[in-house]
Amino acid sequence: MSMRKNPRALVVPAAQMDWLQDLPAQTLSAEQALQWLHSWADQGLLRRIDSALAEQLHRLDPQAPAALLVAAAMLAQMEGRGHTCLSVLALCDAPVALLGWPDAWVEGPMGLKALWAQLPAGLSAWREQLQAACLRRSDAPDAGEPLVLGGTPDAPLLYLRRYAGYEQRVGQGLLLRAGERLPVPEAAAVEWLDRFFAPRPNLDWQKMACAVALRARLSVITGGPGTGKTYTAARLLALLLALHQGDSPLRVALAAPTGKAAARLKQSIDKALNDLPVPADAGLDLKALVERMGPARTLHSLLGARPDTRQFRHHAANPIDVDVLIVDEASMVHLEMMDALLLALPPQARLVLLGDKDQLASVEAGAVLGDLCRDATQGHYSAETAAFVQRVAGQSLALEFLSDVPASALAQQTVMLRESRRFGGPIGQLALAVNAGDAAASRSAVQSPSAGGVQALQLASPQAICDLACGQSGQASYADYLHCMAQAPADGAHDDWVKSVLLAFDRFRLLCAVRQGEWGTEGLNVAVQKALADRGWLKVQGEWFAGRPIMVTRNDAQLGVFNGDVGVVLPNARGDLKAWFLDGDALRSVSVMRLAHVETAFAMTVHKSQGSEFWHTALVLPPGGAEVLSRELVYTGITRARQQFTLIEAQSERLEAAIARPSVRASGLRLWWDQLP
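Residue numbers (full-length UniProt numbering): 1 to 677.
As structure tokens, this is what we get:
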């Protein structure tokens, strides 16, 4: 999470320091704490909403101590950075590493350490201060208090009220679905699994994932690019169809956080099901299943997003009509969305979550998939799970994947796919090195002369990025789609022309770590557009022009467009400009006059790129502080590339700085999952 920059970031007005003179230790009043917090907000170190929360709590409870108000502002700041709670242990000392502020605001007269000198010392003192009318314990009745204190006595966690509710419902809901054992017709399951999976000499994690998914209403399948998550999910669907009993057909829905990811999921599932070798006399109508599923949808569309409200049309009283729900790119599903999804899912329905646990978590608070997959690498399977997998899938788990202590129900329903059938070579080696935190191997991978398809560039200015985007010999670039656009469509082949332009645009993409600045999406979108116009490839005429790539920034269910959808503005057969989107093989278009919430998309953030793949991906790591960089950001950027990857560093050792910063989000979900079913 980047920290907002302020031109006055190191200026402390003298009037704001008068009351600091001769202030004795540990006598800070609530009013003085608020003045300190507002000063930080003035300097851009905190958001206005962070200090405003503290002020609101002071109005609700004038007796609330200064420590509670400071803690509330820190909690709000952490929520803005993706954390769902704040560890009280982190408050026992000045949270220097947690906030990542400049040294001047750590050591200065208005800095962190100066404030913390006036606050309690030690956990017991902080716990004593966190007692006020605006705060309740998590085990107490909810009377609408804005703050909640949860966690354990030795590791208390501070929550905003709504996040405490989300976490409790998600934790309990997932644990219940994972822990409830369902009857499995083992003989039939063995027969069908052997049909769907050819014998292999080593442990077949895909076959195992299908087997364990039969036992409960929740299954989690994680793995890196090319490990076959959707391939496995398709076989699981065929298995569930083969074992389905009852008069009504099996109702299946497919969903993902973004439109692009949903389209890719549907395309992959359909292909895997259509390619599945099933004898005609087997009584398994996969074609009917494909038709009955319909298109994959965004989670917002599936739940029934409504304008001007956070509430969805589907909820516990009006659940989704589904027996099996498969959600792809689950790493992007934030805590609030997971709560809404679980509330809208019928109790008897199966939920299958697919995703790469090592990708970036959602922009909003929470990292549900990361929490779910904490034991995925080690397995931690029980003897019961190992015996079931042996009986039903014929797979023997090695001792290293077994647990000799009571294991969580979530671990038993989580399977990590470990063999990539597509993502190998230099790009795969680089991704593995980054994921392992091996900076030396990562640098070697981008500098090796034999690393075909991978290169690292240290560029002094963004203009050189524009040259890369406009095309270099042997590399995909934006020249590809513009050359397609320049070829007039043949009579009656307008749709084919549009598809060719959209597919060519997806051959290359600039990915950025930040939005602001000349090295961010805002600056690079302007610079690349100008570079292409200067070459005569684009004719920029006002806001809307042929060839403008756009990204939707707000859901609009009436138009059928959702946040993250990417398309290109092109004329229709009559010459009217429309925004065209490609969902699998299906084209859809929207009049540009109806699109109010879009932005140019030559460059996009790494977060927004999740769920997409490009032939050539260029990842831009900006200069300055490393607080915006993380290991997961670089890994996610690398794994968007299919054939070519270019690392662009504005300064030396940006790659190493990112690898040294693995993302850790505060969460209490694991406290729910450590319980035994």
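Ideal placement from N, C-alpha and C gives every residue a C-beta, glycine not left out. Keep in mind the model is a prediction, meaning the values are calculated, not measured.
Which same chain residues, not among the five before or five after residue i, have their C-beta less than 6 Å away from its C-beta?
i	result
Leu236	Cys210, Ala213
Asp22	At Asp22 the pLDDT is 42, less than 50, meaning the model places this residue with poor confidence; the figure from the coordinates comes in the next sentence. None.
Ala41	Arg48, Ser51
Gly366	Thr84, His334, Leu335
Arg654	Leu621
Pro7	Its pLDDT being 33, under 50, Pro7 is placed unreliably in this model, and the value from its coordinates should be taken loosely. Around Pro7: no qualifying Cβ.
Leu538	Leu532, Gly547
Gly575	none
Met593	none
Leu582	Leu502
DSSP three-state call for residue i: helix, strand or coil?
i	result
Phe388	helix
residue 705	Residue 705 lies beyond the range of the chain shown here (1 to 677); nothing can be said about it.
Val405	coil
Gly226	coil
Trp537	coil
Phe645	strand
Asp583	strand
Arg640	coil
Tyr381	strand
Gly461	Gly is not the amino acid found at residue 461; the sequence shown has Ser there. Coil.
Thr298	strand
Met110	coil
Gly556	Gly is not the amino acid found at residue 556; the sequence shown has Asp there. In the structure shown, Asp556 sits in a strand (DSSP, three-state: E or B).
Gln43	coil
Asn318	strand
Ala349	coil
Gly520	coil
Gln21	Residue placement at Gln21 is flagged as unreliable, the pLDDT there being 40, under the threshold of 50; a coordinate-derived value is accordingly withheld.
Ala34	For clarity, residue 34 is Leu in the given sequence; the question names Ala instead. Reduced to three states, the DSSP call for Leu34 is helix.
Thr232	helix
Val184	coil
Leu119	coil
Gln651	coil
Val290	helix
Val566	strand
Val634	helix
For the putative contact between residue i and residue j, defined by C-beta atoms under 8 Å, what is the C-beta separation to the nearest angstrom?
i	j	result
Ser663	Ser630	5 Å
Leu182	Arg217	7 Å
Gly151	Gly668	6 Å
Leu46	Leu160	Actually they do not touch by this definition, with Cβ atoms about 15 Å apart.
Val446	Ala460	With 8 Å as the limit, Val446 and Ala460 do not qualify as a contact, their Cβ atoms being about 18 Å apart.
Leu343	Ala316	5 Å
Ala64	Ala30	6 Å
Phe614	Phe508	6 Å
Thr230	Leu193	Actually they are not in contact, since the Cβ atoms of Thr230 and Leu193 sit about 18 Å apart, beyond 8 Å.
Gly355	Glu329	6 Å
Give the DSSP bridge partners of residue i, in chain order.
i	result
Ser591	Lys578
Glu599	Met551
Phe508	His616
Pro156	Gly151
Ile221	Leu354, Val415
Thr27	Note: Thr27 sits in no beta bridge, so no partner.
Pro571	Leu577
Arg137	Leu149
Leu254	Ile326
Thr84	Per DSSP, none; premise fails for Thr84.
Would you verify that the beta carbon of residue i is, or is not, closer than 7 Å to some beta carbon of chain B?
i	result
Asp50	This model lacks chain B altogether, as it is built from one protein chain only.
Keeping to the same chain, check which residues put their C-beta closer than 7 Å to that of residue i; ignore five residues upstream and five downstream.
i	result
Asp61	Ala132, Ala133, Cys134
Ala409	Leu175, Ala178, Gly179, Pro677
Ala376	Thr222, Lys357, Thr414, Met416
Gly637	Leu511, Val606, Thr617, Leu619
Trp673	Gly171, Leu175, Ser408, Leu410
Met208	Val389, Ala393, Gln395, Val415
Using C-beta distances below 8 Å, list every residue in its chain close to residue i, excluding the 5 sequence neighbours before and after it, in chain order.
i	result
Leu34	Ser51, Ala54, Glu55, His58, Leu69
Lys578	Val569, Leu570, Pro571, Asn572, Ser589, Val590, Ser591, Val592
Handout entry: contact_flag[the region 559–576, the region 253–271] where n(CB pairs < 8 Å) is 3 or more
Key = yes
Practice task
Determine contact between the region 181–191 and the region 225–244, defined as no fewer than three beta-carbon pairs at a distance below 8 Å.
Solution key: yes
Exercise for the section: Count the CB pairs spanning the region 97–107 and the region 152–167 that are closer than 8 Å, and state whether there are at least three. Expected result: no
Practice task
Decide yes or no for the touch test of the region 276–291 against the region 360–379: beta carbon pairs closer than 8 Å, at least 3 of them.
Solution key: no
Problem - Three CB pairs or more closer than 8 Å across the region 104–118 and the region 135–150 - result: no
Exercise for the section: Could you tell me whether the region 516–527 touches the region 594–604, where touching means 3 or more Cβ pairs closer than 8 Å? Expected result: yes
Practice task
May I ask you to verify whether the region 385–397 touches the region 345–357, counting CB pairs closer than 8 Å and requiring at least 3?
Solution key: no
Practice task
Answer yes if the region 123–132 comes into contact with the region 52–70, meaning at least three C-beta pairs across the two stretches below 8 Å, and no otherwise.
Solution key: yes
Handout entry: Validate contact between the region 392–404 and the region 196–207 using beta carbons, cut 8 Å, 3 pairs
Key = yes
Practice task
May I ask you to verify whether the region 474–488 touches the region 496–513, counting CB pairs closer than 8 Å and requiring at least 3?
Solution key: yes
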